[in-house]
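Enquirer: For the sequence shown, our numbering gives the first residue as 302, with consecutive numbering after it. Below is a structure I'd like to ask you about.
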Amino acid sequence: MKLSARNQIKGKIVGVVKGQTTGHVRIDIGHGVVITSSITNEAIDELALKVGDEAVAVIKASDVMVAK
Numbered sequence: 302m303k304l305s306a307r308n309q310i311k312g313k314i315v316g317v318v319k320g321q322t323t324g325h326v327r328i329d330i331g332h333g334v335v336i337t338s339s340i341t342n343e344a345i346d347e348l349a350l351k352v353g354d355e356a357v358a359v360i361k362a363s364d365v366m367v368a369k
């Protein structure tokens, strides 16, 4: 898969929880860091996402906010 987004972080799926229409996919990227993505249940099914799968978190954002 080729993608123009530069922020591609590889990891392992550690959680998949479906809701009414969207679900949450948790990807462990190492060093105790887990990225959570909210995607449609349809996308979860189409990608056949399950715990233990290798996955890539692709982050595309026009703004990054920092607070302290």
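Glycine included, each C-beta is placed from N, C-alpha and C at the ideal position.
Rounded to whole angstroms, what's the CA-CA distance from residue 354 to residue 325? Just pull it up for me.
Expert: Walking along the sequence shown from the start, residue 354 turns up at place 53. Walking along the sequence shown from the start, residue 325 turns up at place 24. Looking at the two C-alpha atoms, the distance is approximately 15 Å.
Enquirer: Can you find the residues in the same chain that come closer than 8 Å, C-beta to C-beta, to residue 361, ignoring five residues on each side of it along the sequence?
Expert: Your numbering for residue 361 matches position 60 in the sequence shown. Only 306, 308 meet the Cβ criterion.
Enquirer: Given residue 330, which residues of its chain have a CB within under 8 Å of its CB, disregarding the five upstream and five downstream residues?
Expert: Working through the sequence shown from its first residue, we reach residue 330 at position 29. Within the same chain, residue 330 has close Cβ partners 310, 311, 312, 336, 358.
Enquirer: When DSSP labels each residue in this structure, what does residue 346 get in the three-state scheme?
Expert: In the sequence shown, counting from the first residue as 1, residue 346 sits at position 45. Correct three-state label for residue 346: helix.
Enquirer: Tell me which same chain residues have a C-beta within less than 7 Å of the C-beta of residue 342, skipping the five on either side of it?
Expert: As a position in the sequence shown, residue 342 is number 41, starting the count at 1. Excluding residues within five positions, the ones whose Cβ falls inside 7 Å are 319, 322, 323, 324.
Enquirer: Please list the terminal residues of the continuous beta strand (DSSP E) segment that includes residue 321.
Expert: Position 20 of the sequence shown, counted from the first residue, corresponds to residue 321. First-last for residue 321: undefined, no H or E at that position.
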